[in-house]
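Note sheet for the following structure.
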Amino acid sequence: MQSTQELVVIGHGMVAHRLVEAVRARDENRTWRITVLGEEADAAYDRVGLTAYTGHWDRTQMVLPGSDYHGDPSVRLHLGAAVTGIDRAGKAVTTADGLRFGYDALVLATGSHAWVPPVPGHDLPGCHVYRTLDDLDAIRADVQTALAAGRTRAGVVIGGGLLGLEAANALRGFGIDAHVVERAPRLMSQQLDPAGGALLGRMISGLGIAVHVDVGTDSIERTVDGTLAVSLSDGTLIDAGLVIFAAGVRPRDELARVADLEIAERGGVITDLSCTTRDPNIFAIGEVAAIEGRCYGLVAPGYAGAEVVADRLLGGGAEFPGADMSTKLKLLGVDVASFGDAMGVTPNSLEVVVNDAVKQTYAKLVLSDDAKTLLGGVLVGDASAYGVLRPMVGGQLPGDPMALIAPAQSGSAATSLGVAALPDTAQVCSCNNVTKHDLTCAIADGCADVPALKKCTSAGTSCGSCVPLLKQLLEAEGVAQSTALCEHFAYSRAQMYEIITATEVRTFSGLLQRHGRGKGCDVCKPVVASILASTSSEHILDGEQAALQDSNDHFLANIQRNGSYSVVPRVPGGDITAEQLILIGQIAKDFGLYTKITGGQRIDMFGARVDQLPQIWARLVDGGMESGHAYGKSLRTVKSCVGSDWCRYGQQDSVQLAIDLELRYRGLRAPHKIKMGVSGCARECAEARGKDVGVIATENGWNLYVGGNGGMTPRHAELLAGDLDTDTLIRYIDRFLMFYIRTADRLQRTAPWIEALDGGIEHLTDVVCHDSLGLGEEFEAAMARHVAGYACEWKGVLEDPDKLARFVSFVNAPGAPDPTVTFEKRSGRMVPVGMPAMPAKEKTS
């Protein structure tokens, strides 16, 4: 019987966790007992998605599944256990608290640390690195302190690579004006060529982030008012509240140096292709490993090294297969990708480029000298073709290379080719070295959905960029796809609606406990939030619902590209009083907001900070106005012409009907936004047939049209019923909307919903007009409950100090709140102290 051996792993990051999982999966006889010594207090977490932490500040959401190894006696995890020394002769390691662990095999997975350039003042208070959860907590605390003290709103990020841009995005999320300083001539110089980097720089600048390239940092000095003065080599001086260093990383090889292991010239523990150091009992993986002298800073090579070591520990002969350095990411909403020989360093290589300055997209393919083999490429602005192009690297192109990246009506040729264009040897998931052949075999063995493919092959479990291809492959192999909402709920949105209404469960956690699994995701959370909102009159920021909302619903305003918000009060049917016009203008003037008349006959005010929103709402509510729900998946507007009041062609009072419809359906939450229009005659000045619900006056009443959408796929609405009286019209609209809300998929607008209905518009006519399902009264009663329970969401915040506390500057606003503005309760709601009472007047319809 083989005796148990001791494996000690120093470090517990993503790569170390991958090693432990690989050994556990393969070591059926449990020949290794594993001890993991992690320096941080947290179990292995998603460091690749570090910036996501700033969206929820919940460490448990960052932890990798199963990384506590609970219930496995073969794995001992010690957190907060910093290793201070390696005794190679005695084959043991010692921790800072004096514990000693013997080993038969030792794996160094210590990763890397943020490199801080020796800039004078780099160690001043207010200077940070961007590497760990603790780092982000420290940055957050510093931001809060700076804003509370009224110090400058600017933050400087030194480093314009991937991590630097993520740090800038985090600052913008805090409400801090961000500056990015990059010594190279372009952003992301390691991944993008000059043209791609230049476009990315322009796009990032357009988002309100100041970009300084081809410039260094001379010094950082503390000023008398407590801010930091950052001097750049071109003479620029930035007054900053904090500085973040994201200028690169260095391997954490200090333990290896003391243990006299061989170190590469630029740092890192030298290993051979088996990831073995000069000591045959010690391996190195991840960012600390210099495999044949080269360190790799991406997770995919780290995972490959972990698999090699796991194989070697169990008697195999695996070697490091090389590294795919491809990257695909979305930075501040901008798609960026590079793959293969992105810089075109292969001798005699050719380049095919499409650079569209108007659409802000850049695509480059690097080809062999005969233009038949794809070597690499760069995509900026639109990376939809990445999933297909990256696996083609090294293989023969399926057609004209220009056609693969040239924009077409429905995307590039590469996008339309899809997974069918890939050979069986194509590596679909580079993070986990999964080929198309591996996936098709898994499908043949019974994997019938994306979660099953993930579990069976590990494809899509790391960066996730290949997940769309997994679904494509399932469809190409003829496997019908589940209508499940996501991996946490095995039900469609329509089924979730029925579950919520039947069980009356009113919390997301309760739904997960009784009908789901896991913790939920950004797919199911907003869907459940929408259903909860459409089936009750609770405020969307009550209790658990607040945490389910997306950024717009969370702050009851639309976030703009520069991090500020827009405020859109409701103007039913476009009907507005002179006093309300003056009020909007005065608010815009007082708060320095940009105003624009929207296509839905409303006035939008842009540029508000989060802490200013309640102040603006208070003045609007006091002036008889309310939320226009421009931020919600709900009724937006009911557009109208001037109708029979003024127009010589008008046949019915379209203005009053538009007002009545907007006030009836305001606040109605749905799978997607809803727009309506009412035209007073067939001349169609309100463009009603381009709306989800369109009403056109006739001599005998109203014609009702449904399913019209604008946007990317314009579609005219179809006639549902004609010459209706007003009561019948409203009854039919009630039924139509409630049928849509109950049965549509997530984010499905009315046009594709009708197209997907079995029987299409004919079936819809039977349901709405002839009550073929016998649900007419139920639909009408549900709408009546909505109408009776409606309350302005802005007013609901103003009346609740707990909700009001969400709207503070350090959450997501560019500056501290005005210290002269405080709130008091007046007439049942919170208003700014000293705000004059509005004169009594008659409110409009």
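The numbers in full-length UniProt numbering rise by one with no breaks, and the one at position 581 of the sequence shown is 581. We put the beta carbon where it would ideally sit given N, CA and C, even for glycine.
With a contact defined as Cβ atoms closer than 8 Å, G701 and R689 miss out at about 17 Å. Within the same chain, and ignoring the five residues on either side of R250 in sequence, the residues whose Cβ sits closer than 7 Å to its Cβ are S112, H113, W115, G267. In the displayed model, Q191 falls within coil according to three-state DSSP, outside both helix and strand. In the DSSP assignment, E684 falls outside any beta strand (DSSP E) and carries neither an H nor an E.
Going by beta carbons, D335 and G376 fall outside the 9 Å limit. For I597, the CB contacts under 7 Å within the same chain, skipping 5 residues up- and downstream, are I603 in chain order. If only uninterrupted alpha helix (DSSP H) runs of at least 4 residues are considered, those enclosed by the segment 640-675 are 643-646, 654-665.
For N703, the uninterrupted beta strand (DSSP E) segment begins and ends at 701-706.
The C-beta of V181 has 16 or more other C-beta atoms within 10 Å across all chains shown, which makes the residue buried.
In this structure, DSSP gives T276 an extended state, which the three-state scheme calls strand. Within the segment 424-469, the complete alpha helix (DSSP H) segments at least 4 residues long are 436-444, 450-457, listed from N- to C-terminus. Taking the Cα of I204 as reference, the smallest distance to any Cα among N169, L747, T743 is reached at N169. Of the other Cβ atoms in all chains shown, fewer than 16 fall within 10 Å of the Cβ of S537; this residue is therefore exposed.
Contact annotation: A246 and L237 have beta-carbon atoms that are not nearer than 9 Å. When DSSP reads this structure, H78 sits in a beta bridge with L37.
Beyond the five residues adjoining it in sequence on each side, L200 comes within less than 7 Å, by CB distance, of L187, M188, L192, V334, V336, V380 in the same chain, given in chain order. If you look at R222, you'll find it in the beta strand (DSSP E) that goes 217-222. Shown here, Y565 sits in a strand according to DSSP, grouped into three states. In this structure, G293 lies away from E254, with their beta-carbon atoms at least 9 Å apart.
Distance from the CA atom of V467 to the CA atom of C429, rounded to whole angstroms, is 9 Å. Of the residues assessed, N348 falls on the exposed side of the cut-off, its CB having fewer than 16 other CB atoms within 10 angstroms.
In this structure, DSSP gives Y69 a state outside helix and strand, which the three-state scheme calls coil.
One Cα belongs to R731, the other to D324, and the distance between them is close to 60 Å. Beta-bridge partners of S231 (DSSP): S219, L237. In the DSSP secondary-structure assignment, K328 is bridged to A337. Where C127 is concerned, the enclosing beta strand (DSSP E) starts and stops at 127-129. DSSP, read as helix, strand or coil, puts S634 in strand. Inclusion of A494 and R785 in the CB contact set at 9 Å is not warranted, their separation being larger than that value. R664 counts as buried, since at least 16 other C-beta atoms from the protein chains shown sit within 10 angstroms of its C-beta. Restricting attention to D725, G226, D622, the CA atom closest to the CA of I584 is found in D622. Under the Cβ criterion (8 Å, minimum of three pairs), the segment 60-68 counts as touching the segment 14-27. Of the residues V378, S338, D382, L365, the one whose Cα lies closest to the Cα of K359 is D382.
H763 and C769 have their C-alpha atoms some 10 Å from each other.
In the structure shown, I576 falls within a coil segment according to DSSP collapsed to helix, strand and coil. In the three-state reduction of the DSSP assignment, I733 falls in the helix class, which pools H, G and I.
Non-local C-beta neighbours of D218 in its own chain, meaning closer than 8 Å and more than five positions away in sequence, comprise V119, P120, S231, L232, S233, ordered along the chain.
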